[in-house]
Amino acid sequence: MLRCALFMFVLVLSGCFGDSERVVMAPQNDLIRAAEKIQSDAYRQREAEEFAKRQEAADHVHAATSANHLNPQQNRHVAVVGSELSLAQVNLPPPSAAGRQAAEDRLTKALSESESDRRQADDLYRQALTVADERDKRIKSLEDKHTAAQRQIAELIGERDQWRAEQTRAAVERASAAERDKAAVAAKAAEQASRIESLVWMFGATGTACVLLAGFSLLIWPTLAIPLGAAGTICTMLAIFAASAPEWVLWSGSATVLALIGVTAWLKYVRTKAVADNAIGAIQQLKDRPDLPAQAAWSELRKELVDWFGGKNHPLEAEIDRRLKQMNMK
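Below, the structure is given as structure tokens:
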């Protein structure tokens with residue numbers, strides 16, 4: 005439980021600080037290596053105990069074979085026992101020198117006529133059984149240790165694989181989220197581009213209409229020329245900026261708009277001067293007619309001019325007043 009809690013704590017820290025897999029999984033990998041070492045050591049120790057057990061069995065088979073040969077009654081049963089012992093010896097390692105000597109000592113004491121020697125032989129047999137039992141217990145303990153280490157390794161590897169799977173799933177989710185965000189940004193950009201295009205068309209059409217009306221109004225409604233020209237200029241500039249046009253387009257559009265404004269102003273000036281000159285000429289002709297008062301002639305002419313231009317034209321009126329003052333007619 006403590007190990008699992010520590011592992012989860014490391015995972016939480018890694019999630020908070022964004023450590024790499026090498027740093028995050030270092031404690032887990034250390035635990036796996038430690039468990040693998042325990043498993044390997046237990047396996048080697050068990051193999052050593054198993055070999056010692058087989059060696060001891062080989063020594064006892066050799067001792068039993070020697071005792072069977074020393075049997076004074078060499079009959080069929082003795083021969084069968086000898087054959088079985090020989091078959092057992094085939095699957096065992098050769099008897100060791102120490103085992104041969106111990107078997108010889110046990111046989112000597114066991115076959116002795118002395119009661120003391122036979123009791124010593126019985127003690128040796130019991131000691132051998134005790135040693136064998138202790139070895140079996142050690143082997144069982146090593147097997148349990150090996151199994152526990154193997155189970156622990158499987159659990160640790162499972163936790164590591166689960167963490168990697170979660171990281172992979174999180175990476176896939178982040179990639180999917182990034183793709184969705186990218187698609188959303190692209191859709192938003194396309195929508196904005198469509199709106200900008202609509203604005204460009206709207207401003208461009210409005211600006212063109214205003215400029216055309218400004219030029220046409222010089223002939224009908226001169227007072228509207230300047231507002232229409234300004235509106236056309238503003239709409240044209242808005243269309244250019246909305247379209248994010250290149251610099252040369254911006255300068256070309258600006259120059260065109262300025263040229264239109266200049267032409268409009270020049271046409272307005274020419275038209276105003278022409279009307280003023282015609283009006284002064286008409287008044288000059290009326291001046292030569294003593295039967296018609298000049299003020300009455302001017303009133304009639306002023307009415308015609310106002311009707312012609314569709315309203316009160318301050319620049320035209322100021323120009324006529326200036327000319328009349330020069331002629332001492334006002």
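Count along the sequence shown starting at 1, add 4, and that's the number in the working numbering. We treat Cβ as the ideally placed atom computed from N, Cα and C, and that holds for glycine.
In the DSSP assignment, E51 falls within the alpha helix (DSSP H) that extends over A30 to H73. Under the criterion of beta carbons closer than 8 Å, A46 and L146 qualify as touching, at roughly 5 Å. Boundaries of the alpha helix (DSSP H) harbouring L89: R80 to V94, taken from the DSSP string. Counting of Cβ neighbours within 10 angstroms places P98 among the exposed residues, the total staying below 16. Annotation: the continuous alpha helix (DSSP H) that includes L111 extends over A101 to A114. Classified as exposed, T134 has fewer than 16 neighbouring CB atoms from the shown chains inside 10 Å of its CB. In this structure, the straight-line span from the alpha carbon of K149 to that of L74 is close to 44 Å. Taken through DSSP and simplified to helix, strand or coil, S118 comes out as coil. DSSP, reduced to helix, strand and coil, places Q77 outside both helices and strands of the structure shown, so it counts as coil. If you draw a straight line from the Cα of V85 to the Cα of R50, it comes to about 31 Å. The C-beta separation of L96 from A68 comes to about 12 Å, leaving the pair out of contact by the 8 Å criterion. Taking each of R168, R123, A182 and R164 in turn and checking the Cα distance to Q32, the smallest one comes out for R164. Within the same chain, and ignoring the five residues on either side of I143 in sequence, the residues whose Cβ sits closer than 8 Å to its Cβ are R50, E53, E54 and K57. Taking the Cα of E108 as reference, the smallest distance to any Cα among A92, S118, L128 and A182 is reached at L128.
For H66, the number of other beta carbons within 10 angstroms of its own is at least 16, and it is reported as buried.
Taking C-alpha positions only, Q166 is separated from A194 by approximately 41 Å.
In summary, L160 is buried, with 16 or more beta-carbon neighbours lying within 10 Å of its beta-carbon over all protein chains present. By a beta-carbon distance limit of 8 Å, E40 contacts I157. Their separation comes to about 6 Å.
Per the coordinates, the alpha-carbon of A182 lies some 47 Å from the alpha-carbon of S44.
Going by C-alpha positions, I42 is about 12 Å away from D34.
Between K113 and A125, the CB-CB gap stays under 7 Å.
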